[in-house]
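Numbering (the UniProt record's numbering), first residue to last: 1 to 283.
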């Protein structure tokens, strides 16, 4: 997934999103804030009505069609690579009830929370105009993290449902949690199917129905996201990083990473550590 962030009105979407009206998995985390008129979006090919001043959180694997005619509705998207700066960030996105796998959640913003949300959105718009400045990049990430945490706290206090509306989505979420817990032990699909007390075929059916991906694809995506973070921020050697994920031979690790990222681990680390927004990275 590319390093992506933008925020705009629905009417400006064509500048940032290709074919917004098509039912597509956008491969980014999406947040929507409705204006005074509310909004109707198509989520997983079902029209969903949102009241005025609602926050909507859409997972990367949810089918989303975005109407462009809504003038007073804000939308922002960010990739995991843009957001993640620590293991905590990875765990938060993977397990957050705001972004249930293959689905979405929403909150009707109460009056005592509305000004905070509006202020954060205003600050994000301003910072987005200065994305080339590392300090503004840092500000965007901090605002995003703060907003997601604050909303998670509010959502938990209101006991809102998590939209796990069928068995397949429940399986996929349990599978993702199991990957996080056991990835340093195994990368084998059968290992995780056994942990979930089901066949590999049943697990594959669930992941394909919810995400259009195989269990192997999901395991690989998680490993790559962790490897990228390690290569950018950790002081472990490339050999040590590979070994921690079961690649006992450095050449095998390099071949795996190069296949997924089209660049070797050494080249990736060198490229990323040169970027000016890596403020916390030692060189």
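Each residue gets a CB set at the ideal place from its N, CA and C atoms; glycine is no exception.
All values derive from a computational prediction rather than experimental measurement.
If we call anything under 7 Å between Cβ atoms a contact, is residue i one with residue j?
{"i": "residue 153", "j": "residue 76", "result": "no"}
{"i": "residue 52", "j": "residue 34", "result": "yes"}
{"i": "residue 98", "j": "residue 105", "result": "yes"}
{"i": "residue 272", "j": "residue 232", "result": "yes"}
{"i": "residue 63", "j": "residue 44", "result": "yes"}
{"i": "residue 193", "j": "residue 200", "result": "yes"}
{"i": "residue 109", "j": "residue 117", "result": "yes"}
{"i": "residue 174", "j": "residue 196", "result": "yes"}
{"i": "residue 57", "j": "residue 5", "result": "no"}
{"i": "residue 218", "j": "residue 207", "result": "yes"}
{"i": "residue 250", "j": "residue 242", "result": "yes"}
{"i": "residue 265", "j": "residue 238", "result": "yes"}
{"i": "residue 285", "j": "residue 71", "result": "Past the edges of the chain, shown from 1 to 283, lies residue 285, and the structure says nothing about it."}
For residue i, list the residues DSSP reports as bridge partners.
{"i": "residue 331", "result": "Limits of the chain in this structure are 1 at one end and 283 at the other, which puts residue 331 out of reach."}
{"i": "residue 108", "result": "54"}
{"i": "residue 46", "result": "43"}
{"i": "residue 25", "result": "63"}
{"i": "residue 6", "result": "77"}
For the putative contact between residue i and residue j, defined by C-beta atoms under 8 Å, what is the C-beta separation to the nearest angstrom?
{"i": "residue 229", "j": "residue 90", "result": "7 Å"}
Give the single residue among the options whose Cα lies nearest to the Cα of residue i.
{"i": "residue 223", "options": "202, 235, 206, 247", "result": "247"}
{"i": "residue 54", "options": "211, 111, 67", "result": "111"}
{"i": "residue 190", "options": "100, 202, 86, 5", "result": "202"}
{"i": "residue 95", "options": "267, 259, 172", "result": "172"}
{"i": "residue 261", "options": "225, 234, 240", "result": "225"}
{"i": "residue 101", "options": "48, 26, 71, 156", "result": "26"}
{"i": "residue 204", "options": "169, 249, 49, 28", "result": "169"}
{"i": "residue 179", "options": "59, 245, 240", "result": "245"}
{"i": "residue 93", "options": "67, 167, 61", "result": "61"}
{"i": "residue 66", "options": "88, 143, 47, 157", "result": "47"}
{"i": "residue 221", "options": "167, 81, 49, 86", "result": "81"}
{"i": "residue 141", "options": "113, 83, 155, 267", "result": "83"}
{"i": "residue 103", "options": "28, 114, 182, 181", "result": "28"}
{"i": "residue 87", "options": "227, 259, 113", "result": "227"}
{"i": "residue 155", "options": "176, 136, 181, 113", "result": "113"}
{"i": "residue 32", "options": "18, 22, 13", "result": "13"}
{"i": "residue 240", "options": "263, 259, 184, 274", "result": "184"}
Using a Cβ-based criterion (distance less than 6 Å to any ligand heavy atom), does residue i qualify as near the ligand NAP?
{"i": "residue 169", "result": "For the ligand NAP, the structure offers nothing, since it holds no ligand at all."}
Quick test of the definition: if touching needs 3 or more C-beta pairs under 8 Å, does the segment 116-125 touch the segment 135-152? The answer is yes - the segment 135-152 touches the segment 116-125, with three or more Cβ pairs under 8 Å.
Stretch pair the segment 35-49 + the segment 126-135: three plus CB contacts closer than 8 Å: Contact annotation: the segment 35-49 does not touch the segment 126-135, with fewer than three C-beta pairs closer than 8 Å.
Under 8 Å, with one C-beta from each stretch per pair, do the segment 244-260 and the segment 203-217 reach the 3-pair mark? For the pair of segments examined, the segment 244-260 was found not to touch the segment 203-217: the number of CB pairs separated by less than 8 Å stays below three.
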